[in-house]
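Have a look at the structure below, then the notes.
Residue numbers (the numbering used here), protein chains in the order written: chain A, 1003 to 1257; chain B, 6 to 306.
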């Protein structure tokens, strides 16, 4: 009985200790005083299928759009290309059909977790999908001249108050924003803004600018959620490897 | 892209002193959570080495120039040059004059690995079918743009970056945008049904040595071209010892009861690259025609 009472007291203390915390928006800070984004995060939406409002179909979950204002401001020729991409998406989507690196911002809202590694001089984004990786120097360095185009672009980061801002340029023209065929050219410029809206939520924004494809910059936004499992860690989704196994029908290895 | 990276590396090798300092205790800085600070960008050297009596290297049977697989005149070796560069790893067991670091297979000292005889025979037979590869399972992982496992990253070439945050050491490879997250929070290993190219890594600090215990490997990682596969029974214990401001000594115990009767050890070291060196994107699968070149278009396409 005494042990039971002790347990009750203990449980009550736990509740008292934890209840206020769940309601508060205070979040951890790193030793250098910045909001602490480290951990494993994931978008919970269907943006990787289609950034815009879409109804459900067999195998396609319905979803609310993430584009501010709803419309993506394509130039006329680009709108035709988007429509063509959509028609051929089953085989033409570089990420879904060929397992290629998803680019930015698509890597953020693929239906896979990603980890933010945060140090004062450098932030890294590690994505479970296709083990994509971004290095983000936080040292005020500029985008270097003369770099070859990259699938994930060249990212440089800085702080605006408590918001982690990345400036991403130097893309190739090979990635799509989603499976619906929304696309860009090699003139793409993305500015991402990560703001903690609580200890376990990030409000994510990406401003997309591409004068060869769009008539004006446009913006997507969505919450990102901390993966709360105690033993959470990134695993491996080796899309390319699995696809090779499928395409080339190999025998089981080393049997 | 590759040219830039190689240029960086050449500069790195030229600028990094190769001689260990006089024996005195080096005291590394501490991270904000009290870990010895090993952050920075390094090249890895010498980890992959040759056995005492290695089988013939299937990719370069003459052994003349493992660097230039694609330059062969005999039509063998269908790999693009980018993969051939990994061949520098084959030289890891050699020691240069004045070399202070241990490299390659260090235990047993005679480099005769404790093979199960039947597994050694199987492996030697397997190697005979790698060049040209008779099927997908005989294609090197590097040529498939797969995650490289712990050993087949690259020696003497693409850099590795170490980052530390509370409870984690993170290693970012330039090679094929690979990464490892080593958890220091005492969590248990993953359940046995989850198998990974890079394994599941749990670490702890012993003084200035980061000790990393890794399990949950799949059966598709390899040690070298001569040891082209390891089994899912693989268990490694790595020791990263901060040697001085510019180098980390590395030793790994390879325990794979599927192939060997007892554990063996290989060693190497990491040396810091010049300040300002940055990792560039190493996209691999996106441009690779390797499997198409080997096997032709997949059936039904």
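From the three backbone atoms N, C-alpha and C, an ideal C-beta is built for every residue, glycine too. On a predicted model such as this, the values are computed, not experimentally measured, just so you know.
Continuous beta strand (DSSP E) stretch holding residue i: start and end
{"i": "residue 271(B)", "result": "269-277"}
{"i": "residue 1205(A)", "result": "1203-1211"}
{"i": "residue 1124(A)", "result": "1124-1129"}
{"i": "residue 109(B)", "result": "109-112"}
{"i": "residue 220(B)", "result": "214-220"}
{"i": "residue 1194(A)", "result": "1191-1200"}
{"i": "residue 211(B)", "result": "205-211"}
{"i": "residue 1186(A)", "result": "Careful: residue 1186(A) lies outside any beta strand (DSSP E) and carries neither H nor E."}
{"i": "residue 1041(A)", "result": "1041-1045"}
{"i": "residue 1118(A)", "result": "1116-1120"}
Which residues DSSP lists as bridging residue i, in chain order
{"i": "residue 168(B)", "result": "175(B)"}
{"i": "residue 1171(A)", "result": "1156(A)"}
{"i": "residue 58(B)", "result": "For residue 58(B), which the question treats as bridged, DSSP gives no partner whatsoever."}
{"i": "residue 1234(A)", "result": "DSSP, once it has assigned bridges, lists no residue as partnering residue 1234(A)."}
{"i": "residue 1054(A)", "result": "Answer by DSSP bridge pairing: none, since residue 1054(A) is not bridged."}
{"i": "residue 35(B)", "result": "41(B)"}
{"i": "residue 1137(A)", "result": "1126(A)"}
{"i": "residue 1031(A)", "result": "1037(A)"}
{"i": "residue 1271(A)", "result": "Not covered by the structure: residue 1271(A). The range shown for chain A is 1003 to 1257."}
{"i": "residue 1166(A)", "result": "1161(A) and 1196(A)"}
{"i": "residue 287(B)", "result": "Partner(s): none; residue 287(B) has no beta bridge."}
{"i": "residue 1065(A)", "result": "1056(A)"}
{"i": "residue 227(B)", "result": "None; residue 227(B) has no bridge partner."}
{"i": "residue 138(B)", "result": "135(B)"}
{"i": "residue 1216(A)", "result": "1076(A)"}
Residue i - DSSP class collapsed to helix/strand/coil
{"i": "residue 188(B)", "result": "strand"}
{"i": "residue 259(B)", "result": "strand"}
{"i": "residue 1008(A)", "result": "No answer about residue 1008(A) holds up, because its pLDDT of 45 lies below 50 and its placement is not dependable."}
{"i": "residue 1110(A)", "result": "helix"}
{"i": "residue 307(B)", "result": "Residue 307(B) lies beyond the residue range present for chain B, which begins at 6 and ends at 306; the question has no answer from this structure."}
{"i": "residue 104(B)", "result": "Legend: pLDDT at residue 104(B) = 48, less than 50; position of this residue unreliable, value from coordinates given subsequently. Three-state result, residue 104(B): coil."}
{"i": "residue 1244(A)", "result": "helix"}
{"i": "residue 180(B)", "result": "helix"}
{"i": "residue 143(B)", "result": "helix"}
{"i": "residue 116(B)", "result": "coil"}
{"i": "residue 1221(A)", "result": "strand"}
{"i": "residue 292(B)", "result": "helix"}
{"i": "residue 236(B)", "result": "coil"}
{"i": "residue 265(B)", "result": "strand"}
{"i": "residue 200(B)", "result": "coil"}
{"i": "residue 246(B)", "result": "strand"}
{"i": "residue 1228(A)", "result": "strand"}
{"i": "residue 282(B)", "result": "coil"}
{"i": "residue 21(B)", "result": "Because residue 21(B) carries a pLDDT of 43, less than 50, the predicted location of this residue cannot be relied on, and the following value inherits that uncertainty. Coil at residue 21(B), not helix or strand."}
{"i": "residue 241(B)", "result": "strand"}
{"i": "residue 1250(A)", "result": "helix"}
{"i": "residue 303(B)", "result": "coil"}
{"i": "residue 161(B)", "result": "coil"}
Extent of the continuous alpha helix (DSSP H) to which residue i belongs
{"i": "residue 1100(A)", "result": "1096-1100"}
{"i": "residue 1141(A)", "result": "Where residue 1141(A) is concerned, there is no enclosing alpha helix (DSSP H), given that its DSSP letter is neither H nor E."}
{"i": "residue 122(B)", "result": "122-132"}
{"i": "residue 1086(A)", "result": "1078-1089"}
{"i": "residue 300(B)", "result": "295-300"}
Next on the checklist: Is it the case that the stretch 144-157 of chain B contacts the stretch 1197-1207 of chain A, given that we only count it when at least three CB pairs across the two stretches are under 8 Å?
Outcome noted: no
Next on the checklist: Could you check whether the stretch 1090-1104 of chain A touches the stretch 1176-1186 of chain A, counting it as contact only if at least three pairs of C-beta atoms, one from each stretch, sit closer than 8 Å?
Outcome noted: yes
Checklist entry - If we count Cβ pairs, one from each stretch, closer than 8 Å, do we get three or more for the stretch 1133-1152 of chain A versus the stretch 1161-1173 of chain A? => result Short answer: they touch.
Checklist entry - Touching or not, the stretch 1037-1056 of chain A and the stretch 1225-1237 of chain A, by the rule of three or more beta carbon pairs under 8 Å? => result yes
Checklist entry - Just checking, does the stretch 1072-1081 of chain A make contact with the stretch 1156-1169 of chain A on the three C-beta pairs under 8 Å criterion? => result As far as the Cβ criterion goes, the stretch 1072-1081 of chain A does not touch the stretch 1156-1169 of chain A, which means the pair count is below three.
Checklist entry - With a cut-off of 8 Å, do at least 3 Cβ pairs link the stretch 1202-1211 of chain A to the stretch 1182-1192 of chain A? => result yes
Item to check | At least 3 beta-carbon pairs within less than 8 Å: the stretch 271-278 of chain B vs the stretch 1133-1141 of chain A | outcome: no
Next on the checklist: Across the stretch 210-230 of chain B and the stretch 175-182 of chain B, are there enough close Cβ pairs to call them in contact, namely three or more that are closer than 8 Å?
Outcome noted: no
Checklist entry - Okay, do the stretch 284-294 of chain B and the stretch 246-256 of chain B touch, 3+ Cβ pairs below 8 Å being the bar? => result no
Next on the checklist: For the structure I just gave you, are there three or more beta carbon pairs, one from the stretch 44-55 of chain B and one from the stretch 157-168 of chain B, closer than 8 Å?
Outcome noted: Touching, per the Cβ criterion.
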